[in-house]
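Note sheet for the following structure.
Protein chains in written order, with this note's numbering: chain F, 1 to 297; chain B, 1001 to 1300.
Written as structure tokens, this is what we have:
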């Protein structure tokens, strides 16, 4: 990391650009042009989305970024046509429940793997890692039948309850952090008479907060965005999450011939914006979490 | 085992118990159940009928299985390498930018990946609209007559591939992290030996980040084979039940979902799920096999 701050090479003869990797050339215009062009491609669809959601119907496909006529009424229309606020609150509740459940349970299991030596540890851990490859589609139908037997198939419970049992990826991620805690810390606490739960709760968890936050925000995002599970489980529109509601809006307003895209787009913005806000609040954790995957990979 | 050891093992299993219970109830159990179900006719409402391998026989004769499988594989074959190549290109640019600007662009590239796929599906329908969409309008400016992306069967998948490239941000971040771990002296030594940039890329960069490349290959392939949200949003649902461009957008999990939860063919859908599982296992094994030849691990 420190290498990035090292001063520019001064030995480069004028006119001969220093091409050595590791030494940044001053203002390499190709680099900046490429990055800027890519940035436009990545950001433009957002701008277009927001701008089009504020246009009157005939202008939606007019690809001007600033609307000729403003139509904030699109948001009023969707607000009165669909229980958007209910859907947003449902999403918040479901996503928080899913994220809290998976973070706590995964941390507990991760501690089990990181701290203890016990027979079968490696086999069990290999099993945990192996389940990361299991496609959700295989367990989808029997899982539905379980919730159906329990009479909970048409509720929001199936959207988060399985998270109470930990999830392979987060167990793996948090375990890596727990392994980094100096063992002497645990031993010292043991000598002072601390039980295992205390080691976990008072030492491991506070020291590994970043990993827990990564798990939390990842699951928050995954749960917020999910469409498949809400499609399977939720029947009553009053229970819909925002993406499920968004799909209903699209089905209602996006019909060929008389499509009211301006309303659909307002719905898409409402579905997206909370995640964008969450992202900017916890950016560091999103990015660090993803970057860790690469190092472990 | 001594008493302390036994006590410790017991405590360990206590900590692991959530996962062990969850594994039995939500993974192992359902896998067995799904295997059994795949040998039956089950529609939730009436009684279950054992039909042996009928579902599997039917599945191999089902045109829509073939169609959806082909669609999904074509999409994956286009999507995964494109994502990896573009992401690597962007990551290499970022690795050369200063630290602060790399942070800024990294955020910009990652942003689309937090967009819910439902919104991505909607964006696809509008940006790729054949008549007035932004993509074709941009193409028209350079004199290209863009295709009817959302309707023309031949162009639906390429369009979706382009749209999916929009959310390659996490792959970029993974590659950037890996690139930053490549020791500088390796590049400098190679350059001293007169290696061209391309030779250095092949002989230093790629081997040194091969672990990350391999990881994203596996992860992207598995998730790509299970593409659902954005495709279902754009092409299926209560309002638009018509088949677009001869099932060109029928992805495997979409078909599985329809069979299970719209037609309530739970047994048949379970057979579909098992076929998908076997395909994913087979592809992953092949990838692991091939990777042994080129993945370099520092620890080894």
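Think of the CB as a built atom: it goes at the ideal place given N, C-alpha and C, for glycine as much as any other residue.
For residue 1170 of chain B, the chain F residues whose Cβ falls inside 7 Å of its Cβ are 290, in order along the chain.
In the DSSP assignment, residue 1229 of chain B falls within the unbroken alpha helix (DSSP H) covering 1229-1235. By the criterion of at least three beta-carbon pairs nearer than 8 Å, the segment 102-122 of chain F is in contact with the segment 197-204 of chain F. At least 7 Å separates the CB of residue 1081 of chain B from every CB of chain F.
For the pair residue 275 of chain F and residue 1122 of chain B, the CB atoms are not nearer than the 7 Å cut-off. Contact check for residue 1280 of chain B against residue 1222 of chain B passes: the beta carbons are separated by less than 7 Å.
Secondary structure at residue 1040 of chain B: strand, using DSSP grouped into helix, strand and coil.
Neighbourhood of residue 70 of chain F in chain B, by CB distance below 9 Å: empty, with the nearest CB roughly 19 Å away. Going by DSSP, residue 1079 of chain B is part of the alpha helix (DSSP H) stretching over 1063-1096.
Across the set B:1027, B:1037, B:1151 and B:1003, the C-alpha of B:1037 shows the shortest separation from the C-alpha of residue 1270 of chain B. Inter-residue distance for residue 1258 of chain B and residue 1251 of chain B is about 11 Å (C-alpha atoms, whole angstroms). If the five residues before and after residue 183 of chain F are omitted, its C-beta is found closer than 8 Å to no C-beta atom of its own chain.
The C-beta distance from residue 137 of chain F to residue 1253 of chain B rounds to 6 Å, short enough to meet the 8 Å contact threshold.
Here residue 1050 of chain B carries a strand assignment [DSSP, helix/strand/coil]. Every alpha helix (DSSP H) stretch that sits fully inside the segment 50-125 of chain F and reaches 4 residues is listed by chain position as 73-81 and 84-115. DSSP, read as helix, strand or coil, puts residue 29 of chain F in helix. Taking 7 Å as the CB threshold, residue 1144 of chain B stays off the interface with chain F.
For residue 103 of chain F, the nearest beta carbon of chain B is not closer than 7 Å to its own beta carbon.
Taken in chain order, the whole alpha helix (DSSP H) runs of length 4 or more contained in the segment 1254-1298 of chain B are 1266-1294.
Around the beta carbon of residue 1163 of chain B, 16 or more other beta carbons sit within 10 angstroms, so the residue counts as buried. Within chain F, the residues 134, 135, 137 and 138 have their CB atoms less than 9 Å from the CB of residue 1277 of chain B, given in chain order. With 16 or more neighbouring CB atoms inside 10 Å of its own CB, residue 1079 of chain B falls in the buried class.
In the DSSP assignment, residue 155 of chain F falls outside any alpha helix (DSSP H), carrying neither H nor E. Of the other Cβ atoms in all chains shown, 16 or more fall within 10 Å of the Cβ of residue 1172 of chain B; this residue is therefore buried. The segment 1201-1225 of chain B contains no complete beta strand (DSSP E) run of 3 or more residues. Scanning its chain for C-beta atoms nearer than 8 Å, with the 5 sequence neighbours on each side dropped, one finds around residue 1095 of chain B the residues 1102, 1176, 1179 and 1180, in chain order. The residues 1187, 1190 and 1191, in chain order, have a CB closer than 7 Å to that of residue 1200 of chain B in the same chain once the five nearest residues on each side in sequence are set aside. Per DSSP, reduced to three states, the secondary structure at residue 1192 of chain B is helical. Across the structure, residue 193 of chain F and residue 180 of chain F are spaced so that their CA atoms are roughly 22 Å apart. For residue 192 of chain F, no Cβ of chain B is located within less than 7 Å of the residue's own Cβ. By the 16-neighbour rule on beta-carbons within 10 angstroms, residue 219 of chain F is buried.
By the Cβ test, the segment 1129-1141 of chain B is not in contact with the segment 1010-1020 of chain B, since fewer than three Cβ pairs between them sit closer than 8 Å. When B:1066, B:1229 and B:1211 are compared, the shortest CA-CA separation from residue 1295 of chain B is found for B:1211. Remark: C-beta atoms of residue 1135 of chain B and residue 42 of chain F do not approach each other more closely than 7 Å. Excluding its 5 nearest sequence neighbours in each direction, residue 238 of chain F has C-beta neighbours in its own chain below 8 Å: 83 and 86, listed in chain order. Within 7 Å of the CB of residue 232 of chain F, the CB atoms of chain B belong to 1261, in sequence order along the chain.
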